[in-house]
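Enquirer:
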Ligand SMILES: [Zn+2]
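Numbering (this note's numbering), first residue to last: 248 to 547.
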């Protein structure tokens, strides 16, 4: 085992790689023509935010990739995770030709990717029992389309309860029931979970039965790097997409404020060296590395 990080390549230093920096995990709810509730966003607002991300050098990865520390974005670019909660109809549906409906979140993600080469069209969908309002056969076909096209299916429980108020048995039923539903529709298990309302269950017994790679909260700041000592894969932070949110000060804590902050403080943001098999960062950050990643660490 090495006792100190090896030196980074000149190219990694030239792009100011910092794989100890923060990663925005943006949380979206309903996508509608006309937003009704504070967390809703219009299709135009989603398009504008994704275009901003693309123009600022962000490349989407899935929540599972972040949690597993597999951040494969080009040198000098920044990972972002797009998450959509509650599997509402505005997220996804296929048209008669089998293409994603253009007004849905998936349609808008594909449009931004077409207009901005290098913007990878992937996202993570945190599903509840009602899957995008699709009936049985459509739901199965739709979920398979998403998986085949690089999207991740995540668990958001069957009925979207506040898990902090439930018994261990009820928590296991909500999480396990949704795993069963995803498996029945796709043959797959999910690898990440998002807590409804970001509320954490008191009993942690379910973790052994459902060993997710990552579990996501509901706010209020970007995620730590998965290679940083402070990263906790059972409590990964997300940022709410902008909106008119009463209980939360969006001038500080929603997506626009955080993206502005990371643009103004590029040293705080995750910047890739282009090689997902190494963890590259300035030497002064060495203390923050999670010990297990030392063999892959490269410093400059
Ligand atoms: Zn939710």
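Beta carbons: idealized from backbone N, C-alpha and C, even for Gly.
Can you name, in chain order, every residue of its own chain whose Cβ lies under 8 angstroms from the Cβ of residue 405, other than the five neighbours on each side?
Expert: Indexing the chain shown from 1 puts residue 405 at position 158. Once the five neighbours on either side are set aside, the close Cβ partners of residue 405 are 375, 376, 420, 421, 424, 425, 428.
Enquirer: To the nearest angstrom, how far is it from the Cα of residue 445 to the Cα of residue 292?
Expert: In the chain shown, counting from the first residue as 1, residue 445 sits at position 198. In the chain shown, counting from the first residue as 1, residue 292 sits at position 45. If you take the alpha carbons of residue 445 and residue 292, they lie about 24 angstroms apart.
Enquirer: From residue 295 to residue 378, what distance separates their C-alpha atoms?
Expert: Stepping through the chain shown from its first residue, residue 295 is reached at position 48. Stepping through the chain shown from its first residue, residue 378 is reached at position 131. When rounded, the distance between both Cα atoms is 26 angstroms.
Enquirer: What three-state label does DSSP hand residue 434 in the structure shown?
Expert: By one-based count along the chain shown, residue 434 stands at place 187. It is coil, neither helix nor strand.
Enquirer: For residue 441 and residue 403, which I take to be in contact (beta-carbon distance under 8 angstroms), what is that distance rounded to the nearest angstrom?
Expert: Counted from its first residue, the chain shown places residue 441 at position 194. Counted from its first residue, the chain shown places residue 403 at position 156. 5 angstroms between Cβ atoms; contact.
Enquirer: Once you ignore the five residues that flank residue 347 on each side, which residues in its own chain have a CB closer than 7 angstroms to its CB?
Expert: What you label residue 347 is simply residue 100 of the chain shown in a count that begins at 1. For residue 347, where only same-chain residues beyond five positions count, the Cβ hits under 7 angstroms are 339, 341, 353, 354, 357.
Enquirer: Can you name the start and end residues of the alpha helix (DSSP H) that residue 290 belongs to?
Expert: Position 43 of the chain shown, counted from the first residue, corresponds to residue 290. 290 to 302 is the extent of the alpha helix (DSSP H) around residue 290.
Enquirer: Can you tell me which of the three DSSP states residue 281 falls into?
Expert: Position 34 of the chain shown, counted from the start, is the residue given in the question as residue 281. Residue 281: coil per DSSP, three-state reduction.
Enquirer: Can we count residue 448 as close to ligand 1, meaning its CB is less than 6 angstroms from some heavy atom?
Expert: To locate residue 448, count along the chain shown from 1; it is residue 201. No - ligand 1 has no heavy atom lying nearer than 6 angstroms to the Cβ of residue 448.
Enquirer: Is the beta carbon of residue 332 within less than 6 angstroms of some heavy atom of ligand 1?
Expert: Taking the first residue of the chain shown as 1, we reach residue 332 at position 85. Residue 332: yes, Cβ under 6 angstroms from ligand 1.
Enquirer: For the alpha helix (DSSP H) containing residue 384, name the first residue and the last one.
Expert: Here residue 384 refers to the residue found at position 137 of the chain shown. It spans 383 to 395 - the alpha helix (DSSP H) in which residue 384 sits, taken as one unbroken run.
Enquirer: So does residue 443 have its beta carbon nearer than 6 angstroms to some heavy atom of ligand 1?
Expert: Residue numbering aside, residue 443 sits at position 196 when the chain shown is read from its first letter. Yes, Cβ of residue 443 sits closer than 6 angstroms to a heavy atom of ligand 1.
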